[in-house]
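Working notes for the structure below.
Protein chains: 4
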Amino acid sequence: MSEHSWIQELLQIGGKDGKFSEKQLKILEAAVEMFAEKGYAATSTSEIAKKAGVAEGTIFRHYKTKKDLLLAIVTPTLFQSVAPFLAKEFVREVFDNEYETYEQFLRAVLANRYAFVKTYLPAIRVLWQELAFHSEIKQCFQRVFVEHVYPKFARIVRHFQEKGELAELPVDSVIRLTITSLAGFLAARFLLLPDHNWDDEAEMERTIRVLMNGLRR
Amino acid sequence: MSEHSWIQELLQIGGKDGKFSEKQLKILEAAVEMFAEKGYAATSTSEIAKKAGVAEGTIFRHYKTKKDLLLAIVTPTLFQSVAPFLAKEFVREVFDNEYETYEQFLRAVLANRYAFVKTYLPAIRVLWQELAFHSEIKQCFQRVFVEHVYPKFARIVRHFQEKGELAELPVDSVIRLTITSLAGFLAARFLLLPDHNWDDEAEMERTIRVLMNGLRR
Amino acid sequence: MSEHSWIQELLQIGGKDGKFSEKQLKILEAAVEMFAEKGYAATSTSEIAKKAGVAEGTIFRHYKTKKDLLLAIVTPTLFQSVAPFLAKEFVREVFDNEYETYEQFLRAVLANRYAFVKTYLPAIRVLWQELAFHSEIKQCFQRVFVEHVYPKFARIVRHFQEKGELAELPVDSVIRLTITSLAGFLAARFLLLPDHNWDDEAEMERTIRVLMNGLRR
Amino acid sequence: MSEHSWIQELLQIGGKDGKFSEKQLKILEAAVEMFAEKGYAATSTSEIAKKAGVAEGTIFRHYKTKKDLLLAIVTPTLFQSVAPFLAKEFVREVFDNEYETYEQFLRAVLANRYAFVKTYLPAIRVLWQELAFHSEIKQCFQRVFVEHVYPKFARIVRHFQEKGELAELPVDSVIRLTITSLAGFLAARFLLLPDHNWDDEAEMERTIRVLMNGLRR
DNA sequence: GATGAATGAGCTTTCATTCAT
DNA sequence: GATGAATGAAAGCTCATTCAT
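Line by line, the protein sequences are chains A, B, C and D.
The first sequence begins at 1 in the working numbering and counts up one residue at a time.
The second sequence begins at 218 in the working numbering and counts up one residue at a time.
The third sequence begins at 435 in the working numbering and counts up one residue at a time.
The fourth sequence begins at 652 in the working numbering and counts up one residue at a time.
Take a look at the structure:
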């Protein structure tokens with residue numbers, strides 16, 4: 001019946017299946033699209049209601065304020081954005097030699113995040129834009145990064161430095177350079193020049209190769 | 218008398234000295250700060266007027282609409298952002314062996330753009346945020362890039378590929394990787410983690426080094 | 435419950451009964467009165483709202499712009515102003531000897547329009563004033579006149595010229611003189627000197643008599 | 652030097668020659684035209700200033716308020732509108748047999764007022780429109796009518812009733828019917844259907860003829 | 001649970017008017 | 001006398017939110 005499966009998937013980080021009614025999904029879908037296109041502040045709830053095909057009041061039955069609606073979109077997106085690092089089995093996979101090299105690890109991460117961004121682009125746009133203006137979101141982002149992403153990432157980097165693959169640069173710098181490289185590709189690919197004629201496979205390959213040449217001992 | 222020299226400098230891409238009155242500069246300064254902090258759409262003209270210490274009507278005497286005020290800030294910022302590539306002597310400097318290596322060239326560009334971003338951060342924030350929502354700005358940006366930045370950048374890259382310094386990667390990819398690396402550093406440094414304890418000299422050095430290791434033959 | 439029957443009647447040229455809510459009628463009534471008193475341009479929507487006892491936003495829920503509110507009043511008034519000539523049975527009545535003479539016909543028309551103006555005076559004032567400034571209204575008026583009023587009026591005049599009652603003046607002049615005489619009386623009576631001590635019956639009788647003496651063979 | 656002679660003539664009801672400066676005339680001319688086209692309330696002083704080619708402040712140097720500017724146009728126009736009846740020699744001319752019949756008298760008045768309206772149409776439009784909204788103008792108009800126009804007109808009507816030319820209708824009705832007929836022609840000719848293909852001579856002749864047929868004993 | 005009319009605060013913009021130059 | 005930058009009140013209109021149905 002529902003056509004909104006992508007929204008539903010994005011929002012269901014846990015197993016809360018069936019939580020969203022048909023109308024609710026329409027509202028969320030309409031909101032993501034309009035927020036991505038015009039920005040949160042420049043989108044009116046009446047526009048969202050019209051696009052979603054519901055009455056204005058219906059929005060406020062589900063979300064007490066317009067901002068709640070934004071957070072309902074942005075918070076799950078934020079968590080999904082760093083999902084691999086939240087997964088319990090993730091670090092174990094690295095250390096259990098599922099990835100023998102940092103390069104293999106990068107390749108896996110990039111492929112995974114590429115697919116994620118491609119699927120959920122509008123929601124990511126919204127997150128990215130509004131991050132700058134809403135301190136709750138920014139703080140949430142920083143907390144997640146500091147508590148979950150950074151420690152695991154650092155262990156992985158140190159692991160491959162000890163294995164001799166990576167040069168003895170400061171761990172923070174390696175992380176920063178890595179994220180910048182991968183995110184830089186995704187930003188260029190999907191945000192800045194989405195209409196450019198990209199050879200995705202090749203460009204990802206080059207991105208990894210150049211980065212690894214730079215980072216290797 | 219005036220304290221707004223930084224705005225004045227930013228906006229005077231040509232030699233239009235003395236063009237801005239005291240009140241106009243106060244308006245522009247207040248607008249940049251508020252737009253950077255809360256976003257264009259979420260900032261009201263009455264807030265700007267109050268912060269600038271002028272009557273609301275005064276804003277509209279100088280800028281017919283709120284959007285005109287935005288463009289008065291964003292357009293010069295956009296041009297200044299790519300200013301080195303607009304300068305006539307720029308390419309000549311490269312080919313006249315002012316820069317013997319791509320690495321030297323990168324170092325000069327990064328130092329220059331680092332200073333620029335540091336000085337004009339709020340205006341750059343505004344440009345960066347609103348680029349996504351206003352097609353006129355986006356188109357202007359793309360035109361400037363395609364007509365001025367890209368061709369010169371490509372010549373430089375080819376020059377150093379022919380000299381044997383750079384690997385024979387596609388020119389577009391070299392440009393993309395270069396911009397991503399430098400802009401990625403600046404974004405991390407000034408936008409994402411401005412409060413982190415950065416050792417700017419060292420991190421810029423590492424950024425250049427890793428990138429060059431990646432790009433070298 | 436409702437006290438606004440006159441507005442409701444005026445606006446319901448067709449059989450759209452029950453179309454207007456209580457608040458909508460209050461808005462229309464307040465608007466007609468204020469437009470008549472101060473003119474459209476000099477009346478603010480906040481004044482209308484206050485007089486109507488509704489919030490200002492409520493006006494704009496029903497009428498997208500202030501001008502739409504004007505047109506909602508003026509357009510029906512315009513049609514009602516020439517209503518007799520729009521009625522399908524009207525011409526037949528004349529030719530079926532319901533009126534044996536032009537004089538009888540004039541008497542009927544004048545009595546009818548006298549009652550109309552007396553009842554809907556404020557709305558007619560508004561129509562009359564704004565006709566001069568809004569080309570849409572003027573064009574609508576001209577179209578209705580040329581397509582509906584003039585042809586029927588001309589047939590009637592020719593009919594009584596052929597019967598020998600009216601002199602062989604140009605039809606256009608007869609129509610012009612007739613309308614000028616009747617409308618002139620109504621304008622003097624209700625617009626220019628409403629406070630004068632009028633003997634309406636006698637003055638209407640004189641108006642008809644003098645006009646007919648002038649037009650008769 | 653000046654091109655504004657018509658305005659100057661209209662405004663100089665007395666012999667105040669040379670009273671208006673070049674700029675003042677430009678302001679008045681621009682104001683009349685815009686008030687006639689859009690109405691007093693819908694015309695801004697800045698529009699007038701732009702059209703007149705002067706600074707906004709200059710208007711307020713000559714006329715303390717926008718309303719003063721309106722009155723500076725409307726008051727002279729009002730007096731000129733009934734000018735014949737204000738002229739001292741006017742009644743004497745009638746009784747000294749300069750006009751042997753009411754019909755001759757009407758013909759003279761109509762020709763004179765026709766020329767006046769044709770020359771000063773925009774100012775008359777303004778007077779006519781604003782009369783309805785400004786009680787000072789209305790009162791001024793009524794005072795002039797009651798004190799100057801009506802008594803003289805009444806004497807003339809009685810004169811020709813005594814001479815046996817006019818029927819023994821109430822004097823007020825004769826005056827009303829006369830004014831209505833002449834003003835009705837001028838209104839139709841210049842305000843309602845200025846673009847119609849008028850044969851002015853013939854229509855004026857018919858107007859007089861029909862009216863006289865109606866009023867004659 | 002869903003609706004949409006109603007609200008009133010707040011938005012961008014315009015305006016008549018002032019005043020230092 | 002003329003200017004036009006500056007004003008701030010008020011204009012038309014939009015908006016997030018409420019609530020009776």
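Beta carbons: idealized from backbone N, C-alpha and C, even for Gly.
Neighbours of THR397(B) across chain A, judged by C-beta separation under 9 Å: THR180, SER181, ALA183, GLY184, PHE185, ALA187, ALA188 and THR207.
Contacts with chain A (Cβ-Cβ distance below 7 Å) from the stretch 363-395 of chain B involve LEU386, SER390, ARG393 and LEU394, listed in chain order.
In this structure, the CA atom of ALA253(B) is about 46 Å from the CA atom of LEU720(D).
DSSP, read as helix, strand or coil, puts ARG860(D) in helix.
For PHE133(A), the C-beta contacts it makes with chain B under 9 Å involve GLU254, LYS255, GLY256, ALA259 and GLN346, in order along the chain. Here GLN573(C) is exposed, its C-beta having fewer than 16 other C-beta atoms within 10 Å. Between the stretch 756-770 of chain D and the stretch 837-849 of chain D, the count of C-beta pairs closer than 8 Å reaches three or more; the two stretches touch. Out of ARG794(D), GLN780(D), GLU673(D) and SER824(D), the CA that lies nearest to the CA of MET638(C) is found in SER824(D). In the DSSP assignment, THR716(D) falls outside any alpha helix (DSSP H), carrying neither H nor E. Taking a C-beta distance under 9 Å as the contact criterion, ALA72(A) and TYR63(A) qualify as a contact pair.
Excluding the 5 residues flanking it on each side, LEU86(A) has same chain C-beta neighbours closer than 7 Å at PHE79 and HIS148, in chain order.
Straight through space, the alpha carbons of THR119(A) and ASN213(A) are spaced by roughly 30 Å. With fewer than 16 other Cβ atoms inside 10 Å of its own Cβ, GLN755(D) counts as exposed. Just measuring C-alpha positions, the residue of GLN129(A), ILE179(A) and ILE124(A) sitting nearest LEU10(A) is ILE124(A).
Partner residues in a beta bridge of ARG393(B), as assigned by DSSP, do not exist. In terms of beta-carbon proximity, VAL551(C) stays away from the interface with chain D, with every pair separated by 9 Å or more.
Contact annotation, LEU25(A) with ILE7(A): C-beta distance approximately 6 Å; criterion of less than 8 Å satisfied. In the DSSP annotation of this structure, GLU749(D) is not part of any alpha helix (DSSP H), being labelled neither H nor E. Proximity of chain A to GLU420(B) at the Cβ level (cut-off 8 Å) is accounted for by SER173 and ARG176, in chain order. Under DSSP, the beta-bridge partners assigned to ARG650(C) are LEU600(C). Distances from the CA of ARG155(A) to each of LEU193(A), SER5(A) and PHE90(A) were compared; the closest alpha carbon is that of PHE90(A). Not a single CB atom of chain B sits nearer than 9 Å to the CB of ARG107(A). Residue-level contact by beta carbon holds for VAL644(C) and chain D, with a gap shorter than 9 Å. In terms of Cα proximity to VAL271(B), the closest of THR282(B), ALA248(B), GLU315(B) and ILE244(B) is ILE244(B). A residue is called buried once 16 or more other Cβ atoms fall within 10 Å of its Cβ, and GLU456(C), having fewer, is exposed.
At a beta-carbon threshold of 7 Å, the residues of chain A lying near LEU432(B) are VAL210, ordered along the chain. Closest by C-alpha distance to VAL861(D), out of LEU649(C), ARG640(C) and ILE642(C), is LEU649(C). In the three-state reduction of the DSSP assignment, SER222(B) falls in the helix class. In the displayed model, GLY39(A) falls within coil according to three-state DSSP, outside both helix and strand. Under the three-state reduction of DSSP output, PHE20(A) falls in the coil class, being neither helix nor strand. About 18 Å separates the beta carbons of PHE575(C) and LYS689(D), which is beyond the 8 Å limit, so they are not a contact pair.
Cα atoms of SER46(A) and GLU56(A): separation of roughly 6 Å, rounded to the nearest angstrom. Residue contact check for LEU408(B) against chain A: a CB pair falls below 9 Å. Chain B has a Cβ within less than 9 Å of the Cβ of ARG125(A).
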